[in-house]
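Q:
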Amino acid sequence: MQLATLFHRGVTTVAAAGLLAVSAATSAATLTVYTAVEAEDLKKYAARFNEDHPDIEIKWVRDSTGIITAKLLAEKNNPKADVIWGLAATSLLLMKSEGMLHPYQPRGIERLDPKFVDKDDPPAWTGMDAWVASICVNTVEQKKHGFATPTSWVDLTRPEYRGHVAMPNPNSSGTGFLDVSSWLQIFGEEGGWQFMDALHENISHYTHSGSKPCKQAARGEVPIGISFAFRGAKSKADGAPIDIIVPSEGIGWDMEATAIVKGTENLKAAQTLVDWSVSEKANMMYNEGYAVVAIAELAKPVEHFPEGILGGMIDNDFEWAANNRKRILGEWQARYDSKSEAK
Amino acid sequence: MTESALRAPIVKPKVGRDDWTMRAFIGVIGLYLVITLAFPLYAMMSKSVRDNDGAFVGLANYIEYFATPALTWSIGNSLQVATITTLITVTIAFTFAYALTRSCIPLKGLFQSITMIPILVPSLLPGIALVYLFGTQGLIKELLFGYSIYGPIGIVIAEVFFTLPHAIIILITSLSIADARLYEAAVALRTSRLRIFLTVTLPGCRYGLISAAFVVFTLAITDFGAPKVIGGDFNVLATDIYKQVIGQQNFEMGAVVSVVLLIPAVLAFAIDRVVQRRQVALLSSRAVTLEPRPNRGFDAAMLGFCVLVSVFLIGMLGVCQFAALVKFYPYDLSLSLKNYNFDVMDGGGWSSYWNSIRMATYTAGFGTVVVFSGAYLVEKGRGFRAGRTLFQLLAMMPMAVPGLVLGLAYIFFFNHPNNPLGFLYHTMAILVISTIVHFYTVAHLTAVTALKQMDPEFEAVGASLKAPFHRTFRRVTVPVCLPAILDIMIYLFVNAMTTVSAVVFIYGPDTNLASVAVLNMDDAGDIAPAAAMGMMIFYTAASVRLAHFLVSRHLKRRTQAWRIR
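Quick mapping for you: the protein sequence lines, in order, are chains A and B.
For the first sequence, our numbering gives the first residue as 68, with consecutive numbering after it.
For the second sequence, our numbering gives the first residue as 54, with consecutive numbering after it.
Structure, rendered in structure tokens:
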């Protein structure tokens with residue numbers, strides 16, 4: 068408030084009025100959409116949507132899952148987003164509990180796998196696809212260092228991998244958070260932290276984004292990157308000498324999901340977008356990169372995706388992960404943040 | 054009115070309409086600086102003593118900061134890196150400037166142009182080059198003997214690259230103003246070369262050395278690009294601000310770290326100002342310019358040194374260009390343009406490049422008008438001393454404010470729900486406004502220097518001919534100062550192309566910039582495209598620079614002929 072008073076005292080009305088006149092022109096059919104979808108897919112998503120709805124323009128704001136989540140939380144009282152399209156369900160659950168989402172039952176919701184729909188009626192969010200953790204191992208570097216292929220998470224704590232592993236920082240990366248939350252579920256709370264203590268010894272650095280460890284493994288900057296299967300498959304398709312490993316204990320996963328932000332001034336357009344986001348066409352589009360999508364019967368295998376992904380996905384407790392997110396991240400930061408690269 | 058003026062005896066000079074117009078203009082430009090600089094900084098300071106909900110909490114945030122070792126370590130890290138950088142940069146820059154001013158090596162002009170290269174690229178680029186040179190798959194990583202480039206070593210090398218041109222400019226100026234008579238006297242007294250160097254040369258350029266040291270120190274401690282890319286887990290203050298704000302959206306802690314970073318920057322700035330004020334009196338009017346004499350061994354050594362530095366500077370760029378053109382480093386070295394397909398990568402694609410060009414053009418255009426008019430009114434205005442002094446002070450402030458701090462201050466001020474100027478947030482306008490303010494001081498000083506060279510008689514004559522000041526300004530001042538005006542334009546353009554620190558906090562979904570794209574692509578692991586975009590910035594800045602050189606040479610011939618007698 069003090070700022071405002073200071074401001075009103077300082078600015079002459081002339082200056083303010085002149086500047087305000089410039090801002091008068093805004094268009095109605097523009098949606099500001101916050102997303103953590105991979106950048107290379109954003110143009111495609113908007114273009115496919117515009118094939119059916121050319122009158123609605125999408126303005127993307129993209130960043131890593133953790134950043135978008137933090138940004139939405141920070142803007143809670145002054146929201147800038149209309150729709151969230153492509154953010155981790157655990158993050159959306161958190162926003163739901165903060166009362167930031169506008170519940171809406173999109174048309175065609177009955178075709179979605181119930182796992183991909185929020186339990187409330189009307190649901191606060193709907194899922195799009197699942198993205199799953201994986202390990203990217205650079206085969207050229209592996210030969211150079213002469214280590215065995217890791218087949219489980221626990222393998223990664225063996226001394227032969229010291230300094231050879233990169234993983235995303237869960238504070239900024241959604242992939243990092245699903246890794247950490249899945250380990251705590253697989254090994255139990257205590258066992259999970261013990262595992263991470265041991266893994267920390269082998270970590271060369273924690274990255275800001277979830278795709279960077281795999282991209283670095285693809286270039287041989289680190290031999291092993293803990294990342295997600297989708298990224299690995301893409302890098303492999305680009306010609307990177309990597310193997311994508313599904314660890315035997317099971318893999319964490321999260322959904323990319325869609326929701327309307329409470330207080331949007333473009334509710335109609337937002338609902339149109341959400342309707343489209345659960346459509347068959349949208350699901351087939353998600354399936355171009357992700358093996359597991361919300362309308363299960365549409366899913367076709369994706370090139371270079373590792374075998375056994377479906378069987379490896381743990382029975383993930385999203386409510387637990389969302390409710391304990393803050394505590395887990397705080398604990399993680401206190402234990403390991405010194406190796407984190409500048410975000 | 055003339056008649057009444059003649060009759061009434063005037064004791065005090067009357068403030069005429071002209072003066073009122075001038076004062077109004079000073080007021081408008083001064084207000085601009087208040088709104089775009091003073092208010093945001095106030096908002097940031099105020100944020101650092103408030104909690105998340107805006108309630109006043111006194112020094113609680115600072116206490117929390119100093120109780121968190123992970124954060125306070127960065128103070129030591131920052132000081133350490135900046136100090137080492139300063140020592141290395143000033144040594145190299147001094148030797149280089151010495152070679153250019155006191156030896157008879159050939160190609161001096163070429164060498165001097167090469168040292169200006171780092172000004173034309175974002176400070177992220179040397180970091181990227183170092184990854185390719187000394188990273189795990191580095192081309193010449195053996196030279197590091199097993200040490201990791203990620204951390205202080207990498208930061209220091211990148212900062213030396215980044216700060217070198219600034220130190221060289223200062224030291225060349227400082228070494229050029231030697232008085233040959235002192236050297237003649239020393240030689241006549243059979244003083245040894247070493248002794249001449251220690252007792253004549255060094256003391257002669259001591260202010261230049263001090264000034265260079267403080268400029269380099271400030272640049273190194275506030276720079277964010279190099280530690281971001283190559284810092285690894287070595288945290289410094291600048292990356293901490295970014296980490297708190299972007300990584301964790303902890304704006305209050307970001308504000309606290311900003312204030313901590315502001316302290317050394319302001320101190321270094323203040324000392325530098327005091328020192329520069331003394332430098333002026335050094336050269337007497339009777340001084341004789343020193344002409345270097347050929348000396349085979351010495352010249353050869355100096356030439357070798359200059360070649361070495363040039364290879365380092367060009368090599369860093371060459372590596373980035375190589376990485377950008379290679380298909381899949383290090384496994385497939387065939388050439389390809391795939392890394393230029395920015396549209397499928399993080400960072401906003403090709404549109405961010407065009408945005409940067411637009412932003413730089415607006416900044417150069419509007420910025421030059423604002424800066425030069427402001428400098429003119431301050432320098433040539435009559436009376437209104439208090440207003441003019443206040444304006445001078447405001448114009449000097451941006452130099453002491455690190456870009457990241459300015460950018461963060463802009464979030465607090467312009468994104469405040471009660472700010473009627475909030476609509477500017479995320480627009481091109483706010484990027485231009487912040488960039489003009491960020492680089493205001495140097496541009497202002499350039500304009501003031503040029504204006505000081507003009508005899509105040511011009512204004513007096515203009516006034517006595519009853520020409521309003523704006524006509525004198527348009528017809529006389531601007532044409533005479535054209536070279537300086539062009540210098541200001543190019544300075545603003547190049548810096549707007551390369552800056553990351555202030556704009557990284559305030560760009561919006563439609564206003565992504567090329568320099569920010571370099572940062573974001575590197576963040577996502579797309580380092581080769583990041584190098585490609587960085588080189589696009591270099592080529593753009595370099596061609597504009599070249600165009601500027603040709604245009605100003607042409608103009609100098611056409612409009613500045615009167616300078617040659």
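C-beta atoms are modelled at their ideal positions from N, C-alpha and C, and glycine is treated no differently.
What three-state label does DSSP hand tryptophan 220 of chain A in the structure shown?
A: Residue numbering aside, residue 220 of chain A sits at position 153 when the first sequence is read from its first letter. Looking at tryptophan 220 of chain A - three-state DSSP - the assignment turns out to be coil, as it is neither helix nor strand.
Q: Please decide whether glutamate 398 of chain A counts as near chain B, where near means a Cβ-Cβ distance under 9 Å.
A: Here residue 398 of chain A is taken as the residue at index 331 of the first sequence, counted from 1. No, because no Cβ of chain B sits closer than 9 Å to the Cβ of glutamate 398 of chain A.
Q: Distance cutoff 9 Å, beta carbons only. Does isoleucine 134 of chain A sit that close to anything in chain B?
A: Locating residue 134 of chain A in the first sequence gives position 67, where the first residue counts as 1. Judged by the 9 Å Cβ criterion, isoleucine 134 of chain A is in contact with chain B.
Q: Classify valine 209 of chain B as buried or exposed, calling it buried when 16 or more other Cβ atoms lie within 10 Å of its own Cβ.
A: As a working note, residue 209 of chain B is residue 156 in the second sequence. Label assigned to valine 209 of chain B: buried.
Q: Helix, strand or coil for alanine 92 of chain A, going by three-state DSSP, please let me know.
A: Looking up residue 92 of chain A in the first sequence gives position 25. Low local confidence applies: a pLDDT of 35 at alanine 92 of chain A is under 50, so the model's placement there is unreliable, and no value is given.
Q: Identify the contact partners of methionine 398 of chain B in chain A, using a Cβ-Cβ distance below 9 Å as the criterion.
A: Within the second sequence, residue 398 of chain B is the residue found at index 345, counting from 1. Under the 9 Å cutoff, chain A gives Ala106, Glu107.
Q: Since threonine 99 of chain A meets chain B, which of its residues come closer than 9 Å, beta carbon to beta carbon?
A: Taking the first residue of the first sequence as position 1, residue 99 of chain A is located at position 32. The contacting residues are Pro562.
Q: Give a yes or no on whether 9 Å exceeds the smallest Cβ distance from lysine 393 of chain A to chain B.
A: Numbered from its first residue, the first sequence carries residue 393 of chain A at position 326. Closer than 9 Å: no.
Q: Determine, using beta carbons only, whether glutamine 190 of chain B comes closer than 9 Å to chain A.
A: Here the question's residue 190 of chain B lines up with position 137 in the second sequence. By this cut-off, glutamine 190 of chain B is an interface position.
Q: Taking the CB atoms as reference points, tell me whether valine 360 of chain B and leucine 90 of chain B lie closer together than 9 Å.
A: Within the second sequence, numbered from 1, the residue matching residue 360 of chain B stands at position 307. Within the second sequence, numbered from 1, the residue matching residue 90 of chain B stands at position 37. Result no, Cβ atoms of valine 360 of chain B and leucine 90 of chain B do not sit closer than 9 Å.
Q: Taking Cβ positions, are arginine 174 of chain A and valine 345 of chain A nearer each other than 9 Å?
A: Mapped onto the first sequence, residue 174 of chain A falls at position 107. Mapped onto the first sequence, residue 345 of chain A falls at position 278. Yes; because the gap between Cβ atoms is below 9 Å, this pair is in contact.
Q: So with CB distances below 9 Å, who are the chain B contacts of asparagine 354 of chain A?
A: As a working note, residue 354 of chain A is residue 287 in the first sequence. Simply none; closest approach about 19 Å.
Q: According to DSSP, what are the bridge partners of lysine 126 of chain A?
A: By 1-based counting over the first sequence, the position of residue 126 of chain A is 59. Its beta-bridge partners are A:Thr99.
Q: The alpha helix (DSSP H) with isoleucine 327 of chain A in it runs from where to where?
A: Looking up residue 327 of chain A in the first sequence gives position 260. That residue, isoleucine 327 of chain A, is in no alpha helix (DSSP H); its beta strand (DSSP E) goes 320-328.
Q: So with Cβ pairs under 9 Å, would you call arginine 402 of chain A a contact of chain B?
A: For the purposes of this step, residue 402 of chain A is identified with residue 335 of the first sequence, where counting begins at 1. With 9 Å as the cut-off, arginine 402 of chain A does not count as an interface residue toward chain B.
Q: For phenylalanine 372 of chain A, name the three-state secondary structure that DSSP assigns.
A: Numbered from 1 along the first sequence, position 305 holds the residue referred to as residue 372 of chain A. Here DSSP, grouped into helix, strand and coil, assigns phenylalanine 372 of chain A to coil.
Q: Between tryptophan 127 of chain A and chain B, is there a C-beta pair that is closer than 9 Å?
A: Here the question's residue 127 of chain A lines up with position 60 in the first sequence. Yes, its Cβ sits closer than 9 Å to a Cβ of chain B.
Q: How would you label histidine 479 of chain B, buried or exposed, when you count the other beta carbons within 10 angstroms and need 16 or more for buried?
A: The residue you call residue 479 of chain B lines up with position 426 of the second sequence. Classification of histidine 479 of chain B: buried, given that the 10 Å Cβ count is 16 or more.
Q: Which residues of the region 354-386 of chain B have a Cβ closer than 9 Å to any Cβ of chain A? Give them in chain order.
A: In summary, the residues of the region 354-386 of chain B whose CB is separated from some CB of chain A by less than 9 Å are Lys380, Phe381, Tyr382, Pro383, Tyr384, Asp385, in the order they occur in the chain.
Q: For a contact meaning CB atoms closer than 8 Å, what does arginine 229 of chain A contact in chain B?
A: Your numbering for residue 229 of chain A matches position 162 in the first sequence. Going along chain B, no residue has its Cβ under 8 Å from arginine 229 of chain A, so there is no contact; the nearest lies around 14 Å.
Q: Checking 9 Å against the spacing of the C-beta atoms, do glycine 277 of chain B and serine 554 of chain B come in under that value?
A: Looking up residue 277 of chain B in the second sequence gives position 224. Looking up residue 554 of chain B in the second sequence gives position 501. Residue 277 of chain B is actually phenylalanine in this sequence, not glycine. In contact: phenylalanine 277 of chain B and serine 554 of chain B (Cβ atoms closer than 9 Å).
Q: By how many angstroms is the C-alpha of glycine 259 of chain A removed from the C-alpha of histidine 275 of chain A?
A: Position 208 of the first sequence, counting from 1, holds the residue named residue 275 of chain A. Position 192 of the first sequence, counting from 1, holds the residue named residue 259 of chain A. In a straight line, the C-alpha of histidine 275 of chain A is about 22 Å away from that of glycine 259 of chain A.
Q: Can you tell me where the beta strand (DSSP E) holding cysteine 203 of chain A begins and where it ends?
A: The residue you call residue 203 of chain A lines up with position 136 of the first sequence. From DSSP, the beta strand (DSSP E) with cysteine 203 of chain A extends over 193-205.
Q: Go through its chain and collect everything with a Cβ distance to arginine 246 of chain B's Cβ below 8 Å, but skip five positions before and after it.
A: Translated into the one-based positions of the second sequence, residue 246 of chain B becomes position 193. Take arginine 246 of chain B, set aside five residues on each side of it, and no residue of its chain has a beta-carbon closer than 8 Å to its own.
Q: Using the beta-carbon of each residue, which ones in chain A are nearer than 8 Å to proline 470 of chain B?
A: Sequence index remark: in the second sequence, residue 470 of chain B carries index 417 (1-based). Asn144, Asn145, listed in chain order.
Q: Between which two residues does the beta strand (DSSP E) containing methionine 234 of chain A stretch?
A: Position 167 of the first sequence holds residue 234 of chain A. It spans 232-235 - the beta strand (DSSP E) in which methionine 234 of chain A sits, taken as one unbroken run.
Q: At least one CB of chain A closer than 9 Å to the CB of alanine 123 of chain B: is that the case?
A: Within the second sequence, numbered from 1, the residue matching residue 123 of chain B stands at position 70. Closer than 9 Å: yes.
Q: In terms of alpha-carbon separation, which member of B:Arg524, B:Met586, B:Val597 lies closest to alanine 417 of chain B?
A: Locating residue 417 of chain B in the second sequence gives position 364, counting from the first residue. It is B:Val597.
Q: For a cutoff of 9 Å on Cβ pairs, would you count histidine 275 of chain A as touching chain B?
A: What you label residue 275 of chain A is simply residue 208 of the first sequence in a count that begins at 1. Interface residue, yes.
Q: Could you name the residues of chain A that glycine 111 of chain B contacts, counting a contact when the two beta carbons are closer than 7 Å?
A: Here residue 111 of chain B refers to the residue found at position 58 of the second sequence. Under the 7 Å cutoff, chain A gives no residues; its nearest Cβ is about 15 Å from glycine 111 of chain B.
Q: Can you find at least 3 beta carbon pairs, one from the region 580-599 of chain B and one from the region 359-379 of chain B, that sit closer than 8 Å?
A: Touching, per the Cβ criterion.
Q: Restricting to Cα atoms, I'd like to know which of B:Arg70, B:Asp104, B:Ala513, B:Val397 is closest to glutamate 305 of chain B.
A: For the purposes of this step, residue 305 of chain B is identified with residue 252 of the second sequence, where counting begins at 1. Nearest of B:Arg70, B:Asp104, B:Ala513, B:Val397 to glutamate 305 of chain B, Cα basis: B:Asp104.
Q: Going straight from the alpha carbon of serine 90 of chain A to that of leucine 484 of chain B, what length do you get?
A: By one-based count along the first sequence, residue 90 of chain A stands at place 23. By one-based count along the second sequence, residue 484 of chain B stands at place 431. Per-residue confidence for serine 90 of chain A stands at a pLDDT of 38, beneath the threshold of 50, marking its modelled position as unreliable; no derived number is given.
Q: Is the distance from the Cβ of isoleucine 294 of chain B to the Cβ of valine 458 of chain B below 9 Å?
A: Here residue 294 of chain B corresponds to residue number 241 of the second sequence, with the count starting at 1. Here residue 458 of chain B corresponds to residue number 405 of the second sequence, with the count starting at 1. Taking 9 Å as the Cβ cut-off, isoleucine 294 of chain B and valine 458 of chain B qualify as a contacting pair.
Q: Please return the same chain residues whose Cβ sits closer than 6 Å to the Cβ of alanine 148 of chain A, not counting the five positions on each side in sequence.
A: If you number the first sequence from 1, residue 148 of chain A lands on position 81. Thr99, Tyr101, Val328, listed in sequence order.
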